[in-house]
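Here's the structure, in structure tokens; my notes come after.
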Amino acid sequence: MKKNMGSLDKGIRIVIAIGIALLYYFNVIEGTLAYVLMALAIVFLLTSFISFCPLYLPFGWNTCKRK
1 MKKNMGSLDK
11 GIRIVIAIGI
21 ALLYYFNVIE
31 GTLAYVLMAL
41 AIVFLLTSFI
51 SFCPLYLPFG
61 WNTCKRK
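For the sequence shown, the UniProt record's numbering assigns the number 1 to the initial residue and increments by one for each residue that follows.
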């Protein structure tokens with residue numbers, strides 16, 4: 001897997017994941033919506049930590065800084 005996510009992209013994903021977790025923690029979201037958003041938050045965190053997003057491949061996107 002070649003890295004295809006830059007620092008800004010990773011930071012935004014982590015902030016969104018934390019926001020979703022806080023909404024769940026404070027019972028702002030619940031039920032099916034909460035489970036779907038928490039799954040999305042987990043995916044955001046995983047892709048941020050490995051710096052690779054599989055959905056970028058078909059589109060040819062790469063947010064890494066070029067050398």
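Virtual Cβ for every residue (Gly too), placed ideally from N, Cα, C.
_For a test of the three-state rule: what should DSSP assign to residue 13, helix, strand or coil?_
In the three-state DSSP reduction, residue 13 falls in the helix class (H, G or I).
_Secondary structure of residue 43, DSSP reduced to three states_ = In the structure shown, residue 43 sits in a helix (DSSP, three-state: H, G or I).
*Alpha carbon to alpha carbon, how far is residue 9 from residue 54?*
Straight across, the Cα-Cα distance linking residue 9 with residue 54 is about 14 Å.
*Verify whether the separation of the beta carbon atoms of residue 5 and residue 13 is less than 9 Å.*
Annotated as proximal: residue 5 and residue 13, with beta-carbon spacing under 9 Å.
*In chain order, what residues of the same chain have a beta carbon less than 6 Å from the beta carbon of residue 50, not counting five sequence neighbours either side?*
Cβ neighbours of residue 50 beyond the five flanking positions: none.
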